[in-house]
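Numbering-wise, the sequence shown is residues 4 to 1989 according to the working numbering.
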Amino acid sequence: MSSWLGGLGSGLGQSLGQVGGSLSSFTGQISNFTKDMLLEGVEEVGDAATELQVSNSRLAEVEAAFATQKSEYDRLKKLHAELEEKLEASEIQIKGQSAEYRTLLQQKDVEISHLKARQSGLQEEVQKLQHSAQSASVGTALLPITTTSSTTTSSSASSFMSRPSGSHQGFHGDEMDLSDVIWSQQEINRLSTEVMRLEAEVAHWRRMSQASTAAGAGNGDQGDILKLQRTIKELREEMSREVDEHQHELTALQDAQRQKMADITRRHRDELAEYEERIEELEEQMQSGGGQATSTSDASKLLELQKTISSLQEAADEREKQLTELSARLEEAQRKQASLQLEKDDAQEENAGLLQNYTRLQASVVELQTRVQEQEGKALQKAQLDHEIQELKNNLAASEKEIERLNRLAEAEPKGEVEHADILELNTIIGTLRQEKEVLEQEKLNLHERLKMAEEQRVSNNEAESGDSESLEDLKTELERREKALRNTEEERDTLMSELEELDRQNQEATQHMISVKEQLTGQLKEAEAELTRLTAELNTTKDKNGTLKQELETQKEKISQSAFTLNDLHMGKQQLEATVKEMKDKLGHAQEQNREARREITELKKALHEQEEQLCVAKAELGQAGDRGTEAQGTEEKLAGKEKELSDLRAELDKMRNSQENVMSEDYELKMENRRLKAESEQALVKGEELTKQMKESQAAMNRTVREKDTRIEALKLEKTQLEGELRQAENTLAEQAKQYQQTIEELTRARSMDASALQMEHERAIKLNQEKDMEIAQLKRDIEQLGSDHRDTNEMLSITVAGQKQLTDLLQEKDVFMETIKQNASDLQTEMENSITVVTKEAGALKQALEEKDKQLGGMKEENSHLKEEIDRLRDQQSRPQSLAEPRTLDIITELETEITQLRTSRNGLEEEVQGLRRTMEEQQASLLLLQQSLQAQQSELEQAHTRNQQTTLNYDRLIHARDEEISRLQQTVDRFSESQGRADSPPVQGEVILQEKTQTLSQENGNEKHDLSKVEIDKLVRGIKEKETEISQLNEKNLSLTKQLDQLVVSRDEVGKLSQMILQKDLEIQALHARVSMGVGGGHSQDVMFLQQQLQAYAVEREQVLAVLNEKTRENSQLRSDYHRLMDIMAGKEAALLKLQQENQRLSNMSDPSGSQEMFKETIQNLSRIIREKDIEIDALTQKCQTLVTVLQTSGGESGAGSGGVSSNQFEELLQERDTLKQQVKKIEEWKQQVITTVKNMQHESAQLQEELIKLQGQVSADSDCSSKLTVDYTRLIQSYELKERRLGSLSQELAQVQQTITQLSTTKDVLFGKLDSVAQTPEVVAAQSSAPSLTAVAPSHQTLPTENIEQLQEELVRLQAQLAERENMIRTIQENNHRLSNSASASESEQRSQAEETRQVRERLDALQRSVREKDLLIKTKGDQLNQVSESLRNRENDNEVLKQAVTNLKERALILEMDGRKLKEENELIATRSREKESEFRALQETNMQVSLLLREKEFELSAVSEKAATVEKMLKDKDQGKTGELNQLLNEMKSMQEKAVAFQQERDRVMMALKQKQMETTAVQTELQHMRDKEQRLNLELERLRNHLLEIEDSYTREALGAEDRETELRRRVALLEEKLATSSSAVENASQQASMQVESLQEQLSGAVKQRDDALAHLRTSQEQVNQYAVSLSNLQMVLEQFQQEEKAMYSAELERHKKERDEWRKKAVRLEDQASALQINLDEANAALDSASRLTDQLDLKEEQIEELKKQVDVRQEMLEEAQRKLMNLLNSTEGKIDKVLMRNLFLGYFHTPKTKRADVLRLMGSVLGLSREDVDKMLEDDGQHGVTGWMSSWLGGRGAQSVPNTPQRPTSGQGFNSSFSEMFVKFLEIESTPSLPAAKLSAHDIKTLSAPPPRRSSGASSGTTAGAAAVSKRAGDSNPFLAPRSAAVPLLAGSSSGGSGGHLLMKPISDALPTFTPVPVSAEASAGAVLKDLLKQ
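Structure below.
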């Protein structure tokens, strides 16, 4: 009884378990699929609006699918209830049948008792026969147990519950044998173990391949990889086929086993029935033979009993035969197993070969993901196989319980002792087998763990792969051995199972019931399958509906994307306009500053020119006086050369100033052009008709003004545009490639899925696929929602967003507005502070100007002193010219005294020079301090500008966000209203947007309240921390603003310090002047060196200035590139924010796996390497500077030693060397500045590395979360690569700056080469030529130093040629003067020369000292001006650098935005996890429902069992009563006791079995869940480890690249050192050359002293030449003054132009602001009226083919006029009446006759004809007479024109005439008539107002244009086409809308226009009358009526 109830329960449990398993597999596959799809990523939709609609539609589809699933669930519930009802009905039937059989049994028992009463005498013999039978049965019982047990229990079992044999005839056709069943079961077990082993091997080799791919990726050949991929795919297909076949075999074998069991039990019952019939026959015979003789009956009965015994023995023999056959079949099965084992070994060898190929495969991450997904599928199959194994174990446990029950029964029976012993033995055997099995399983688990350990060791130690492979082979052999042992145990277990099945034959009735239940269940299964097919059909229909919905969705997407694109374009245009306005302001400011500087420099240059000319005059005067001595001639020559040099320098400076001014102008023009271009673009984008025309006119005017600069600007803009387009294309290509990759991965996944489909579970798989598609759609929807959230940071919408969420959003908006207002206030405060600082700076500039004026006054004083000295010199000359005969003896004493004075003066001069040098050093230090102060000031200004730009950026961003948010809220409100009904009872969690922190935490805690996960709390804490970090960042920004204000306050203090420094500088200047005065007392022999030194300094300054300009240009280029990069980054960020959001979860999970220390150490190492490289560079630079200084000192010492004996020639060369030293110092300063820049860049890198470390820490915190989205890590990885590329670019910029330093070093080497060339020339040239060529060589040196940009090289070359020509002229003059001096010196007497020479020498010395003093002062002034220019240039450079820093700050802001987006992504991921937990809860609820169903069914069975037990008890009680009546109660009591014990045992067994079943089911479900989770976690760990390894490798590669660059830099440094060594060698050679040159110079000095005596004679001629040269100088001064006037005029014009331009720009800026405000309002209105705008766009596109649609548009206008203007309706009715009547037609014949009659009559009588025509037309006499008078003046055409044109003008005063209206008199009659018709047809009423819809579509031009177009003189088609092009057909006159005739405008060849018939195109209406008296139309009507 318990067995068949157990079978029934197991059958139901299996069916329900299958349903539950399928559902659990559904959910598992759904979750896996969603995770896979999340990993792969979705192709991103273009913009937010389309994504929103996509998400809404997909949500609707998901809800529909959910509804279908719910209906499916309800239907299955109903089906379950029906099945339970059927089960109850069947059980009731069974109970009825059992009751019937019991009654029959009772009847039989009564008959037996009667027979026993009658045949009591035969009982003894029967007992003997029974004893004999017992002995026989004991003999057989020692054999297998089944026969004895069946014979002993046959009577009781058959009598207890027997059924007729006829009900089992249906099974006779089945001839399956038990051995086949056992063999098939063994085969199933073996194949399942084989599958598990293969899966384990596959997993192991996959891990190995993953490890190998991580170790060395990309080694394998592509062809091999493709082959291996094919083989893998084939293997997978074979695996799936084999799994399907195994499942088929399993099911078939199970069915066969059941049928076999049924057949065996049926046969057993048949035999029992035959035995019972024979017993009954014997009893009947005994009854019939009761009256006969006892002897005969005994004998006959003995024979019959012997026959029965023999028959029983035969049956026993048959059983033995059957057993032998079974054993033979078992042996055959074992043989087959051996053969299968061989086949398996072969397969294993093949598998090993394939696995070797497999290890070679090193595919990409996508293949690994596909493998992981396949592994998950196999894990599901494995779980199913485990489930089947568990069921088999359950069956085993049930059979064991049956054995125990039978043992108890056997104990109750007296004859079952032997069986009991056998059963006990069997139990012990089973127990031992179980223990062995448990031991083997434990060993297997240990082996698995060891295998895992070995694999991990192999991942860590790739070096020891060979040893690992050997250990792996050993482990494999061990595994195979253990598996063989397991198989043996399983075979033994199967044999035991067969024996237990033979014991189960005694449960006959139970199996019968089971069979019946099975039939019922099969019927129900068929019904369920039919239901499934119906469901699949319904799902297909829903799929089709989904397809249609998707198509509609796509159309909607396209519309919304168009509108969103227009909006985005508007926003971008606005941003660009604001940015350009800012840039214009900055550039204008720079241009003004540069203009001011240029003007100041020009004035200074003018002053310097004047001074130079005065000095020239003085020098020439001194030349005239220096005829006596040769030293004077030499001094004048040197002076002249110096002056020429200064002139050339000044000219070069003038040219540079002009170039700079031109550059400034060009920049200004560039600014203007850019402004206009931006205006044009914005007006095209925003204003569509009128503004476009206005702008065209403005741009044309601007183009006429700026034709010269236009081409260059356009080319530059084109270059920028091409760069931007290239970058855009690259971005698009990358996006397309990513999309292709995603599509490929999806296709591979779908292929892999399709391969895994099995034949048995086709319908299940279809349902699963549908579910997966739904999950895909859900995942896509979720991703779309995430993308929406990324586009609109603060609004993460789902369906369940309610009014509360919108309120929160509005609160947030208000808070942000408050924040924005505070930021604006801060910005305004900063602006005011900036203005204050600017005023202070201007005051300082004024103070400096005053100081300059004071210096100019001092110069004037010096000039006056100079004039006084000149007068004294003249006076002295007069005194000397007198005869001094008495003074001759005193001359020698005077000479000696003068010589002593000269020596003293020289010593004093040397001391003074040293003092001057010290003072210069102090001056330079003070200048450096001033520069530092200016730098700090500029840095503060740049910070202020950065704050301003940030403020503007934030305002822009907030405006954009607010607009987008409002639009999205309106859209979402509609979608919420739409979907709120269809949502129903679907309790999807409310996903909140970016709301207040507290509410977030509350909602999250409420949602996670039901779940027992701590992860959600941790993630909430992380979110709270992230928000707190954002708040701290905001507070930091506020603190920065405060610090800026403090710095502004400090600026005032710094300005005071600047004032003090300026005072100190004035004091130093006074000291220098005093020193110069002291120097003027001594001899001025060495001051020529100072002059030369100052000239060289000037040249060096010019070179520096040019270099700085070049650097400035480079910085501007970098700035523009950074700007373009910034815009590009903004665009890319807008596109990639969604992808960044998706990364954040993976970052969290990765951070747990990755160790934070490694990445930080890597960053620290990179920073340390960079700092080390920079330190080495600094050390090398210091060494180079020290070498240069030592070389200079060596040169000075050598020059001092050699020049002690020589004169002043070598001093020039020493001065050049000193100048070189100064240039080297300046370059060293530049290098130090570069070092500071490098340090700043290193600090920036450290800051960025700190940010990267924070990101790494975040990554470590994020590893624990869902790592299935690892594909999105690639996006994050690309972002990291971009940051690294940025760093590499910065390194490249550093290397470029190094290259610039190298260039400067090469320039130094070139200057040294030039010096060597000079020295060589000094050595080679003869003495006189060396003196003459000193000036040109010096002039030649100057251009060699200069490294001008390529644009000014040609101009400089021309200047050089010109200057060289002038130099040649001057040299010729000097030669002539020298010749004259020689002549004069020859003629003069020796005595006069001696006297005069000494007096002149002293005077000359003094004059030269004064001149040198003046020149020194002027040079100082020049140096100061140049220093100011340099400072200004450096300031502009710093401004550019500040701009670059601003852009860098913007990049950091973008990174912060990316972090914010990551935070949002994390929140969305948490919400996804909440949804996943809810789905798990649903699954657990479903399992709980299944368990409750199981429990209910078990309870039902128990209740039914109790009922049957009660009914049986009642029957037994009745029987007992009957037996009492009959007096036979003993046997019945025994039977009753036995029955009671049996029933109690059965109930106990039933309850135990049910409990065990429930526990097993629960354990099974728990184990499957744990296994899936374990597998999932392992896969996650593997993936994350691989990703970490890859990232580490990438970082190491980047570090290697950095080290390589550092090594290259070191190589370059070694090269530079080598060059320095070469330079040192050259210097050594040059020092020797200098010594030689000094010797030659001493020789030349001696020769020159000899020549000086002769030069006195040439003085008079020199004076004459001097006068001529003075006249020339005066002419030059006049020309210079003219040039100054021209320049001043030019500057005034420039000023006026700039001021006008500034005012215009300001006005335009105000207009643009107003326009921007208006456009924002328009944009909001446009967003609301999107649908109308779409319709308007369609109509606008249709305007291109207006000629086809004109008539329809006219009809629309007519309808609108009908609606809005009643007067026009009346006019329309009149027109229709005129159409119907004949009155509307023109009488052509009458008009023709009148016309022809006029021309046929003679001219004298034409007046009469005209009067007749006037009377016909209804004109008065006076009018006709007036017309005739006019006819006398103009002719007929004039009359006609006055008749037609004049009347038209009266009738329609609104239409203005064209300026060419006067030509109407010369036009043809047809033209005038057409014009008349046009004028008459235009209505006098106002034009019909169209709806907003139509007005938007038309974009009508201004009314003057349309009227002008309509009042043109041209007629016909030409006029119509012209109007159609530029005016609106709705507003045009009707004659314009419909051409009268297609013919020409003049009455040509085809007859006159009026003579032809009316065309079809003529409008069928008459014009509306304005006034009945005045209009010509009324006159025509009257004429026609007559």
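Glycine included, C-beta positions come from ideal geometry on N, C-alpha and C.
Helix, strand or coil: which one does DSSP assign to residue i?
i, result
"residue 1265", "strand"
"residue 955", "helix"
"residue 1822", "coil"
"residue 1941", "Its pLDDT being 41, under 50, residue 1941 is placed unreliably in this model, and the value from its coordinates should be taken loosely. It is coil, neither helix nor strand."
"residue 1787", "Because the pLDDT of residue 1787 is 47, which lies under 50, any placement of that residue in the model is unreliable, and the number read from its coordinates should be weighed accordingly. The answer is coil: DSSP assigns residue 1787 none of H, G, I, E or B."
"residue 1768", "coil"
"residue 123", "coil"
"residue 690", "coil"
"residue 753", "helix"
"residue 804", "coil"
"residue 449", "helix"
Give me, in chain order, the residues of the same chain whose beta-carbon lies closer than 6 Å to that of residue i; leave out the 5 immediate sequence neighbours on both sides.
i, result
"residue 1429", "1104"
"residue 549", "64"
"residue 794", "51"
What span of residues does the alpha helix (DSSP H) with residue i cover, start to end?
i, result
"residue 3", "The requested residue 3 is not part of the displayed model; the chain covers only 4 to 1989."
"residue 1272", "Run containing residue 1272: none; DSSP gives neither H nor E here."
"residue 598", "511 to 628"
"residue 1724", "1662 to 1731"
Please check the pair residue i and residue j, which I expect to be a contact at CB under 8 Å, by giving their CB distance rounded to whole angstroms.
i, j, result
"residue 1148", "residue 1469", "6 Å"
"residue 1662", "residue 1387", "5 Å"
"residue 1047", "residue 940", "Residue 1047 to residue 940, Cβ: 13 Å. No contact."
"residue 566", "residue 1736", "7 Å"
"residue 1198", "residue 1634", "6 Å"
By Cβ distance, which residues of its chain are closer than 7 Å to residue i, with the 5 residues on each side in sequence left out?
i, result
"residue 596", "none"
"residue 400", "1559"
"residue 1174", "1245"
"residue 620", "1673 and 1676"
"residue 989", "Confidence is the limiting factor: at residue 989 the pLDDT is only 43, short of 50, which leaves the residue's position unreliable, though a coordinate-based value still follows. Excluding sequence neighbours, residue 989 sits near 66 and 69."
Spatial neighbours of residue i within its chain, please: CB distance less than 8 Å, with the 5 preceding and 5 following residues excluded, ordered by chain position.
i, result
"residue 305", "128 and 132"
"residue 1686", "none"
Which whole runs of the alpha helix (DSSP H) in the stretch 1095 to 1156 are 4 residues long or more, in chain order? Counting whole runs of 4 or more residues, the stretch 1095 to 1156 contains no alpha helix (DSSP H) stretch at all.
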